[in-house]
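Written out below as structure tokens is the structure these notes cover.
Residue numbers (this note's numbering): 1 to 136.
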């Protein structure tokens, strides 16, 4: 979560509960979740482009250097995937906070469905979460 979002949320949390305050906190969490999920998709796109560029360039690289080029590509992809996994974990935390707001309000809403999807650790479920939230 960005420092600004944390600061605003902690500022809101320190005050007495208020219905407008809950909506403000919900809005901040929702905005932060959308930002994180957009970053996840940007990293996925970056990974795809890295692979495409490598496939185009590999034909012009001498056979001797291709092994080193592949190692460099695998390292870059590993870094991208690691960053993406970190962001997805952050998205799960944000989604659970949003679902808590929902339950505090006593309202059954889409965040309950979102939480159910998020608490599964499988990649398939995480992909569904991203598609579900970004498609809203």
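Even glycine gets a Cβ: it sits at the ideal position worked out from N, Cα and C. Computed from a predicted model, the values in this text were never measured in an experiment.
*Helix, strand or coil for residue 61, going by three-state DSSP, please let me know.*
coil
*What's the gap between the Cα of residue 47 and the Cα of residue 81?*
8 Å
*Would you mind working out which of 65, 40, 62, 72 sits nearest residue 51, comparing C-alpha positions?*
72
*With distances taken between CB atoms, is the gap from residue 53 to residue 84 smaller than 8 Å?*
no
*Return the CA-CA distance between residue 29 and residue 97, expressed in angstroms with no decimal places.*
8 Å
*When the distance is taken between beta carbons, is residue 39 closer than 8 Å to residue 94?*
no
*Measure the beta-carbon distance from residue 55 to residue 101 and round it to whole angstroms, keeping in mind my assumption that it falls under 8 Å.*
Wrong, their Cβ atoms sit about 45 Å apart, outside the cutoff.
*asked:* Please classify residue 37 as buried or exposed, where buried requires at least 16 neighbouring CB atoms within 10 angstroms.
replied: buried
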